Amino acid sequence: MASHHLPSPTKALQPAGAPSTCLSVCLTMASPRVSVRSSTLLCEEGCMAVVDTGASYISGPTSSLRLLMETLGAKELSTDEYVVSCNQVPSLPDISFHLGGRAYTLTSSDYVLQDPYSNDDLCTLALHGLDIPPPTGPVWVLGASFIRKFYTEFDRRNNRIGFALAH
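For the sequence shown, the UniProt record's numbering gives the first residue as 1, with consecutive numbering after it.
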């Protein structure tokens, strides 16, 4: 299983001397893109992304997330909680995060939380809005729903991140 190291070095989330907002292992990358199906939907000009072991969901700027949810046909159940009919899950499109020139693709089973013991016909998406103001943000946070699919190696000595399929 080969991992992919990002070609450009990553930068720390906070400038030197500033308090860290990352309470777990994380590194920041510049210029990812987000696509649905094969079309770039978000971050066409690039944006910032953080891989964070302490985050459960994938988070992004609220305005970007609303566009993504509209594309997926999701409804906002409560503030930053998006749902779809569980019957829709198999037909939801893939979402890809383009990092270091490669696409890391999540299928609907990767980003939708399904409770097999629930009688509810609504399934929650493991994506939510998070507005981090400049100069640190805006930023996408790739949490457990990303890390669960892609083994992530944090190489702090060389300031880079490696990814490989986790199965």
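Virtual Cβ for every residue (Gly too), placed ideally from N, Cα, C.
Owing to the predicted nature of the structure, the values given are computational and were not obtained by experimental measurement.
Can you name, in chain order, every residue of its own chain whose Cβ lies under 6 Å from the Cβ of alanine 126, other than the five neighbours on each side? For alanine 126, where only same-chain residues beyond five positions count, the Cβ hits under 6 Å are Tyr57, Tyr111, Leu113 and Ser145.
Exposed unless 16 or more other CB atoms sit within 10 angstroms - verdict on alanine 103: Alanine 103 should be labelled exposed.
Please report the residue range of the alpha helix (DSSP H) in which glycine 145 lies. It is worth fixing the name first, because residue 145 is serine in this sequence and not glycine. That run of the alpha helix (DSSP H) goes 144-147.
For serine 24, which three-state DSSP category applies? Confidence at serine 24 is low in this model, with a pLDDT of 40, below 50, so its placement is unreliable and the value that follows should be read with caution. Coil, per DSSP.
Same chain, Cβ closer than 6 Å to arginine 148, neighbours up to 5 away in sequence not counted: Closer than 6 Å at the Cβ level, and outside the excluded window around arginine 148, lies no residue.
With burial defined as no fewer than 16 other Cβ atoms inside 10 Å of the residue's Cβ, what is the status of proline 61: buried or exposed? Taking all protein chains shown into account, proline 61 has 16 or more neighbouring C-beta atoms within 10 Å of its C-beta and is therefore buried.
So, under 8 Å CB-CB, leucine 106 and aspartate 94 are touching, yes? Tell me the CB distance rounded to an integer number of Å. Leucine 106 to aspartate 94, Cβ: 7 Å. Contact.
Quick one, which of Met48, Leu77 and Cys43 has its alpha-carbon nearest residue 171's? Because the chain here runs from 1 to 167, residue 171 falls outside it and cannot be looked at.
Where leucine 165 falls: helix, strand or coil (DSSP): Three-state DSSP puts leucine 165 in a strand.
Of the listed residues Pro90, Asn159, Gly101 and Thr79, nearest to valine 34 (C-alpha basis): Relative to the Cα of valine 34, the nearest Cα in the group Pro90, Asn159, Gly101 and Thr79 belongs to Gly101.
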